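Visitor: full-length UniProt numbering puts the sequence shown at residues 1 to 219. Beta carbons: idealized from backbone N, C-alpha and C, even for Gly. Please read these numbers as outputs of a predicted model, since none were measured by experiment.
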Amino acid sequence: MERRKEKQHLLYLQRRQQQAAAKARKEIEASLKREKEREKAEERARQKEDLMGRRAAILKQHRLKKAIAEADREGITLDRPDLCVQCMLARRGKKGSSSRSSSNPSSPKLYRQPAAKSNRGNILNAVEYCILPGAVNSKTKQKVIEKIARSEAAHFLVLFRDVGCQFRALYSYMPESGDRVQTKLYGTGPSQVDGAHARQSSSNTSQNASVSRKCTPGI
1 MERRKEKQHL LYLQRRQQQA AAKARKEIEA SLKREKEREK AEERARQKED LMGRRAAILK
61 QHRLKKAIAE ADREGITLDR PDLCVQCMLA RRGKKGSSSR SSSNPSSPKL YRQPAAKSNR
121 GNILNAVEYC ILPGAVNSKT KQKVIEKIAR SEAAHFLVLF RDVGCQFRAL YSYMPESGDR
181 VQTKLYGTGP SQVDGAHARQ SSSNTSQNAS VSRKCTPGI
């Protein structure tokens, strides 16, 4: 009789241990599940924030590029690229008022000083879509665009590292200043480039422009 009671007591203890182990296992599984759900929620929030940041950077870069191109057409040099969008909006407002005033036959004719030909637009398109494409080169591309915006030069040269067209440096080119290229604007190349290379590059401007049109969408 005592052995039977001991056996029943042992079976009772075993059931209690099994129940406790099953309960602890369920709590651990529930905790792991909650942790995974929290990590997934944080990952989704991080991806959403990164996406919004990339979209904002792309929009800012697009507005900056558009403002630089518009300023180049009007012969205006932008000293502060961070104010390019405001300058562009201000110029658009002035254009609207001038167009309304030009409708009056008694008002004087508008005059805009002609700007010299420039390869600024072609260089911007090449940097944007051919030379430094993708998110990997976004920081370098942004710096190059800002250097072009700050420069007063009308012509620019890009130095490549090898036949693979890997970007090395950006130069400003002023033909009227002689046979020397101006100081390097950005990159790891030499501070100056021989004038023969500059003349050769300027003679091939039309060919480079056609290549840029092939590589650049929307041109």
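Just grab the DSSP bridge partners of V158 for me.
Guide: Locating residue 158 in the sequence shown gives position 158, where the first residue counts as 1. DSSP output for V158 lists L170 as bridge partner(s).
Visitor: Rounded to whole angstroms, what's the CA-CA distance from T188 to E39? Just pull it up for me.
Guide: Your numbering for residue 188 matches position 188 in the sequence shown. Your numbering for residue 39 matches position 39 in the sequence shown. Cα to Cα, the separation comes out at about 42 Å.
Visitor: Could you check which residue in L170, A153 and A154 has the C-alpha nearest to that of R161?
Guide: The residue you call residue 161 lines up with position 161 of the sequence shown. Among L170, A153 and A154, the Cα nearest to that of R161 is on L170.
Visitor: So Y186 packs on V144, CB below 8 Å; how close in whole Å?
Guide: Here residue 186 corresponds to residue number 186 of the sequence shown, with the count starting at 1. Here residue 144 corresponds to residue number 144 of the sequence shown, with the count starting at 1. The pair is a contact, with the Cβ atoms about 6 Å apart (cut-off 8 Å).
Visitor: Am I right that A154 and S118 are in contact with their C-beta atoms under 8 Å? What's the rounded C-beta distance?
Guide: For the purposes of this step, residue 154 is taken as the residue at position 154 of the sequence shown. For the purposes of this step, residue 118 is taken as the residue at position 118 of the sequence shown. That belief holds up - the Cβ atoms of A154 and S118 are roughly 4 Å apart, short of 8 Å.
Visitor: What first and last residue would you give for the alpha helix (DSSP H) that runs through L124?
Guide: Position 124 of the sequence shown, counting from 1, holds the residue named residue 124. From DSSP, the alpha helix (DSSP H) with L124 extends over R120 to A126.
Visitor: Can you tell me whether D50 is buried or exposed? The criterion is at least 16 other CB atoms within 10 Å of its CB, across all chains shown.
Guide: One-based indexing of the sequence shown puts residue 50 at position 50. The residue is exposed, with fewer than 16 neighbouring Cβ atoms inside 10 Å.
Visitor: Quick one: using the 10 Å Cβ neighbour count with 16 as the cut-off for buried, is S31 buried or exposed?
Guide: Mapped onto the sequence shown, residue 31 falls at position 31. S31 comes out exposed.
Visitor: Is it buried or exposed, L157, if we count other Cβ atoms within 10 angstroms and call 16 or more buried?
Guide: The residue given as residue 157 occupies position 157 in the sequence shown. The residue is buried, with at least 16 neighbouring Cβ atoms inside 10 Å.
Visitor: Cβ of G164 within 6 Å of any heavy atom in the ligand ATP?
Guide: Absence of the ligand ATP is noted for the structure shown, with no ligands found whatsoever.
Visitor: Starting from Y12, follow its DSSP beta bridges and name the residues at the other end.
Guide: Mapped onto the sequence shown, residue 12 falls at position 12. Answer by DSSP bridge pairing: none, since Y12 is not bridged.
Visitor: First and last residue of the beta strand (DSSP E) that includes K184?
Guide: Mapped onto the sequence shown, residue 184 falls at position 184. Start and end: K184 to G187.
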